[in-house]
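In this text, residue positions in the sequence shown follow this note's numbering: the first is 5, and each later residue adds one.
See structure below.
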Amino acid sequence: MKTELCDLLGIKYPIIQGGMAWVADCYLASAVSKAGGLGLIATGQMPPETLKEEIRRARELTGNNVGVNILLLHTRLDEIMQVVIDEKVPVITTGAGNPGKYMEALKEAGTKVIPVVPSVALAQRMEKLGADAIVCEGTEAGGHIGEITTMAMTPQIVDAVSVPVIAAGGIADGRGMAAALALGAKGVQIGTRFMCSTECTIDPKIKEMVLKASDRDTVVTGRSTGHPVRVLKNQLSRLIEKLDKENKAEEIEEKGTGALQRAMREGDISWGSVMSGQIAGLVKEIIPCKQIIEEIMADAENTIESLNNSSLVVK
Ligand SMILES: Cc1cc2nc3c(=O)[nH]c(=O)nc-3n(C[C@H](O)[C@H](O)[C@H](O)COP(=O)(O)O)c2cc1C
């Protein structure tokens, strides 16, 4: 199954691995790209020097087909963008801001720019700025989120822009992928599922927590700060929920500082921020990225075929 996203990005399968700060390093990104999807190194607040090393290591592992996910709130954003431009990274996704200022230089370097958006208005604005595609990220997703669901937002963004739309949030198997394609997306971005891949280097305790999660185990915290984030429930999330009710935004920011790193790298399942999507309940095993991708593709094709055969329609 090939879509125009495959041609745009030079990939075999229309599957993008979500940029995930403190999770998506060169090893995960390389494994996804090698398996035929698009792997991305997530910058989070990574120093530019580290990003350069990560890109070079990924290149040694795969050739030049790993992208970078850039947090536009990065405190050293100019330097991060310069690394991307100097290294001629083939594609970036961007979150939390407006990449407009860098668009011309990125295009000149041959870098495709794919902003992640939570609404139709932002998708249209990004298309006007010259985005090559749009990731439409629904509120089901892990990490920082908007308000609209993938199901409701994807077809609305598909109708509103002419560049390819990539659906994200709540997709972890071929049924989800088939549904996204039915809504008009040309591909999917997947985060939570790849956390439980063999190649993902996060602490094993976090993988275990995702595997054990059920459908109701995530919660959105930090609404009072204006930066809501979906995480697995634990002691930290319960404390932040309490602080949210008391509108103690400053205290929440303080508790949140370093909490993602604490979870993903140190395995602090109680007081770390265990970002994860609602789809965690569907993730039941740790397997290599290649197997994840091939299973999703085969399952999506079967789902679409069975719909074509009308096997779901009771005659
Ligand atoms: C642990 C974690 C960290 C994330 N960090 C980022 C990030 O740094 N930048 C970003 O654009 N999105 C981030 N996301 C969102 C993912 O890129 C992706 O869009 C999302 O996980 C898709 O939804 P899913 O989790 O239901 O698959 C993160 C998600 C998770 C689970």
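C-beta atoms are modelled at their ideal positions from N, C-alpha and C, and glycine is treated no differently.
Being a predicted model, the structure only gives us computed values, none of them experimental.
Practice problem: Report yes if the CB atom of residue 308 is closer than 8 angstroms to the CB atom of residue 200, and no otherwise. | Solution: no
Checklist entry - Excluding five sequence neighbours on each side, which residues of the same chain lie with their C-beta closer than 6 angstroms to the C-beta of residue 30? => result So the list reads 45, 58, 61 and 62, once near-sequence residues are dropped.
Check: What is the rounded straight-line gap between the Cα of residue 302 and the Cα of residue 243?
Finding: 42 angstroms
**Report entry** Unbroken stretches of the alpha helix (DSSP H), 4 residues or longer, contained in the region 100 to 174
**Finding:** 107 to 112, 124 to 133 and 154 to 164
- request: Could you have a look at residue 234 and say whether DSSP puts it in helix, strand or coil?
  value: strand
Need the endpoints of the alpha helix (DSSP H) that residue 15 sits in, please.
Note, residue 15: premise wrong, no alpha helix (DSSP H); not H, not E.
**Asked** Around the Cβ of residue 190, are there at least 16 other Cβ atoms within 10 angstroms (buried) or fewer (exposed)?
**Response** buried
>> For the beta strand (DSSP E) containing residue 75, name the first residue and the last one.
In response: 70 to 75
Between which two residues does the alpha helix (DSSP H) holding residue 36 run?
For residue 36, the uninterrupted alpha helix (DSSP H) segment begins and ends at 30 to 38.
ask   = Over what stretch of residues does the beta strand (DSSP E) that includes residue 291 continue unbroken?
value = Note, residue 291: premise wrong, no beta strand (DSSP E); not H, not E.
For residue 72 versus residue 34, is the C-beta distance shorter than 8 angstroms?
Their beta carbons are not under 8 angstroms apart, which means residue 72 does not touch residue 34 by this criterion.
Count the other CB atoms within 10 Å of the CB of residue 312; is the residue buried (16 or more) or exposed (fewer)?
-> Under this definition residue 312 is an exposed residue.
Would you call the CB atoms of residue 123 and residue 170 closer than 8 angstroms? no
Three-state secondary structure (DSSP) at residue 42? Residue state, collapsed to three classes: strand.
In angstroms with no decimal places, state the Cα-to-Cα distance between residue 300 and residue 250.
The alpha-carbon atoms of residue 300 and residue 250 are separated by roughly 43 angstroms.
Closest by CA to residue 114, which one among 136, 80 and 129?
136
Quiz item: When the Cα of residue 108 is compared with those of 125, 128 and 132, which residue comes out closest?
Solution: It is 132.
**Asked** Count the other CB atoms within 10 Å of the CB of residue 295; is the residue buried (16 or more) or exposed (fewer)?
**Response** When all chains shown are included, residue 295 counts as exposed.
Mapping the DSSP letters down to three states, classify residue 96 as helix, strand or coil. When secondary structure is reduced to three states using DSSP, residue 96 falls in the strand class.
(Q) Taking only three categories from DSSP, how would you classify residue 278? (A) coil
Checklist entry - So what does DSSP say about residue 218, is it helix, strand or coil? => result coil
query = Within the present structure, is the beta-carbon of residue 141 separated from the nearest heavy atom of ligand 1 by less than 7 angstroms?
reply = yes
Worksheet entry | Beta-carbon proximity check, residue 15 vs residue 42, cutoff 8 angstroms | A contact, by the Cβ cut-off of 8 angstroms.
Any chance you could list the beta strand (DSSP E) runs of at least 3 consecutive residues sitting entirely within the region 231 to 271, in chain order?
-> Correct list: 233 to 236.
Close beta carbons around residue 9, own chain, < 6 angstroms, minus the five adjacent residues each side: 18, 168, 190 and 191
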